[in-house]
Amino acid sequence: MKKRRGPSEDENPRPEKLFTQKVFDYISRVILKYFKKTYKFIIYILKNLTLFKILYKCFPYIKNFILKIDKIFFHVLIKSINFIKYIPQLIHDKIFEFFWFILKIFQILIFVKIFKYVIKKFIIY
């Protein structure tokens with residue numbers, strides 16, 4: 659007699675695996691959407707040389723602004739580390755990685771928004 663085997667995991671995935679897969683798919687779609695927009699925006703900038711020259715003139719101001727934002731992010735990170743250092747080491751490492759990841763995502767998104775704002779502000783059509 660042959661032993662009946664159950665369905666494989668690929669045919670019938672467990673609900674928690676399905677949920678994590680959906681979450682991962684959603685996050686990757688959102689990130690791709692933002693990167694596609696910025697990629698198109700950068701190509702648009704590179705096509706217009708006058709725009710590129712204006713950006714080149716504005717670069718020191720943009721750079722200083724980004725450095726200030728970096729200092730703010732670093733300050734927030736230090737505050738969160740001081741808060742977290744009372745938690746046991748293993749949890750602390752995981753939370754630190756999580757905070758670092760979140761801060762980097764926010765930094766990228768804010769940089770993109772600032773970049774777009776500066777472009778709109780300094781360009782006169």
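The opening residue of the sequence shown carries number 659 in our numbering; numbering runs sequentially from there. Even for Gly, the Cβ is constructed at its ideal location relative to N, Cα and C.
Problem set entry | Cα-Cα separation between K691 and I730, rounded to whole angstroms | By 1-based counting over the sequence shown, the position of residue 691 is 33. By 1-based counting over the sequence shown, the position of residue 730 is 72. Using only the alpha carbons, I get a separation of about 27 Å.
Problem set entry | Straight-line gap, I766 to Q679 (C-alpha atoms, nearest Å) | Here residue 766 is taken as the residue at index 108 of the sequence shown, counted from 1. Here residue 679 is taken as the residue at index 21 of the sequence shown, counted from 1. The alpha-carbon atoms of I766 and Q679 are separated by roughly 24 Å.
For this session: Taking only the alpha-carbon atoms, compute the straight-line gap between F723 and K774 and give it to the nearest angstrom.
Result: Taking the first residue of the sequence shown as 1, we reach residue 723 at position 65. Taking the first residue of the sequence shown as 1, we reach residue 774 at position 116. One C-alpha to the other measures close to 14 Å.
For this session: Give me the Cα-Cα distance between F756 and I763, rounded to the nearest whole angstrom.
Result: Counting from one through the sequence shown, the residue named residue 756 turns up at place 98. Counting from one through the sequence shown, the residue named residue 763 turns up at place 105. Those two C-alpha atoms are separated by around 11 Å.
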